[in-house]
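Notes for the one structure printed next.
There are 2 protein chains.
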Amino acid sequence: MNSQSDNAVFQQHNHASCIHDALITAKKLCKERGLRLTDTRLRVLELIWQSHKPIGAYDILAQFGQEGRNSAPPTVYRALEFLQENGLVHRIASLNAFMGCVCPQEGHQGGFLICKQCKRAQEITEDTLRKQLLSLAQEQDFEVESMTLEISGLCTTCRTAQ
Amino acid sequence: MNSQSDNAVFQQHNHASCIHDALITAKKLCKERGLRLTDTRLRVLELIWQSHKPIGAYDILAQFGQEGRNSAPPTVYRALEFLQENGLVHRIASLNAFMGCVCPQEGHQGGFLICKQCKRAQEITEDTLRKQLLSLAQEQDFEVESMTLEISGLCTTCRTAQ
DNA sequence: GCTCAATTGTTATAACATTACATTTCTTAC
DNA sequence: GTAAGAAATGTAATGTTATAACAATTGAGC
Ligand SMILES: [Zn+2]
Ligand SMILES: [Zn+2]
Ligand SMILES: [Zn+2]
Ligand SMILES: [Zn+2]
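Residue numbers (the working numbering), protein chains in the order written: chain A, 25 to 186; chain B, 25 to 186.
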């Protein structure tokens, strides 16, 4: 894969199928693990995938409002908690926002390239660096539980458009 | 340096002199760059260094209250903005808190090892990984502006104490 | 001293997140 | 099938973090 094709993946793909696939995978994983992917949780996950950008809890809440669900913040935050705990979504601390995980697995910690202009975020699936970060921490005698890696800047499209 | 001595540095040092040095350095840097390190800004920086842990904006505000300064949030946030812009403090996104930078220089982006138990944070000054992250981003044709790297877990002391 | 820009004060509000407790729904055992 | 207990959701209130908008003050350069 060169950067050209990577960018194509980032910029445009069959988003309908990407949402669909993510939901299928989520259902499968939850079934396997005996987890209850309830209506609320599923809908939150779907909205996150549909947004195609990091989305805030209150944006999700607003959508719920438009759909006639009369929900309050805890409804959304609980669903987000469930989805995060089970590796289906990541929270992006620097944005107070959430993204669907492209490689859902418990315990996995995502890294992101976040475009300041188009506001899209691309998950870093590369694992070499993560391992290096782990060994860096170990050198300092530090026991890692989780990592936040968020790189902010300009994506290809936005940069070339300037 | 082995991890033993690193930890000693992390755990206990002459904190009074560490605060003092940080303030001296800050004053020097601001003078060199023609920046105004005003009373408010200096006091915010001092409180950050005194805390010895990541400290929240509203904690700083509370201190100001105790000192008879009748300040509102913008006062503190403006000072924090100044200090961040000029590389004197870092914001830790996963904690909504601030730490003094141990190697103040404009544009430099800090990484942190954050202990979940004692709440201390140790800045990662190692630069190799940062460069690798940059090249990872470049491979994806992404232009980096800033990086957030926050590793959460247990520091030596807290782990051995268990 | 005058002028303009930078800084700070002040009020209000926005944005993000949690606590606490009541109610409903689901699961399991009988 | 039903009762009991656990899990999930509803609801109201509140806590926490951050910014907008505009007025007043201060400081540097002329
Ligand atoms: Zn992921
Ligand atoms: Zn972009
Ligand atoms: Zn630093
Ligand atoms: Zn610790």
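Don't be surprised by glycine CBs; every beta carbon is placed ideally from N, CA and C.
Asked: Chain B contacts from the region 77-108 of chain A (Cβ-Cβ distance under 8 Å); Found: none
Asked: For Thr-172 of chain A, the three-state DSSP class (helix, strand or coil); Found: strand
Asked: Ile-138 of chain B, enclosing alpha helix (DSSP H) - first and last residue; Found: Element bounds for Ile-138 of chain B: not the alpha helix (DSSP H) but the beta strand (DSSP E), 135-139.
Asked: Residues near His-114 of chain A by beta carbon distance below 6 Å, same chain, minus five either side; Found: Met-123, Cys-125, Gly-134
Asked: Continuous beta strand (DSSP E) stretch holding Gly-124 of chain A: start and end; Found: 121-124
Asked: Beta-ladder partner(s) of Gln-146 of chain B, from DSSP; Found: B:Leu-137
Asked: At least three beta-carbon pairs within less than 8 Å, the region 171-184 of chain B to the region 165-175 of chain A; Found: yes
Asked: Secondary structure of Leu-71 of chain B, DSSP reduced to three states; Found: helix
Asked: Cβ of Asp-63 of chain B within 8 Å of any chain A Cβ; Found: no
Asked: With 16 other Cβ atoms within 10 Å as the buried cut-off, status of Arg-65 of chain B; Found: buried
Asked: Those residues, in chain order, that have a beta-carbon closer than 7 Å to some heavy atom of ligand 4; Found: B:Cys-139, B:Gln-141, B:Cys-142, B:Arg-144, B:Leu-178, B:Cys-179, B:Thr-181, B:Cys-182
Asked: Cβ of Ala-50 of chain A within 8 Å of any chain B Cβ; Found: no
Asked: Contact with chain A by Lys-155 of chain B, beta-carbon distance below 8 Å; Found: no
Asked: Closest residue to Ile-148 of chain A among B:Gln-146, B:Ala-40, B:Gln-141, B:Gln-162 (Cα-Cα distance); Found: B:Gln-162
Asked: Residue(s) in a DSSP beta bridge with Glu-167 of chain A; Found: B:Leu-178
Asked: heavy atom of ligand 1 below 7 Å from Cys-127 of chain A C-beta; Found: yes
Asked: Three-state secondary structure assigned by DSSP to His-37 of chain B; Found: coil
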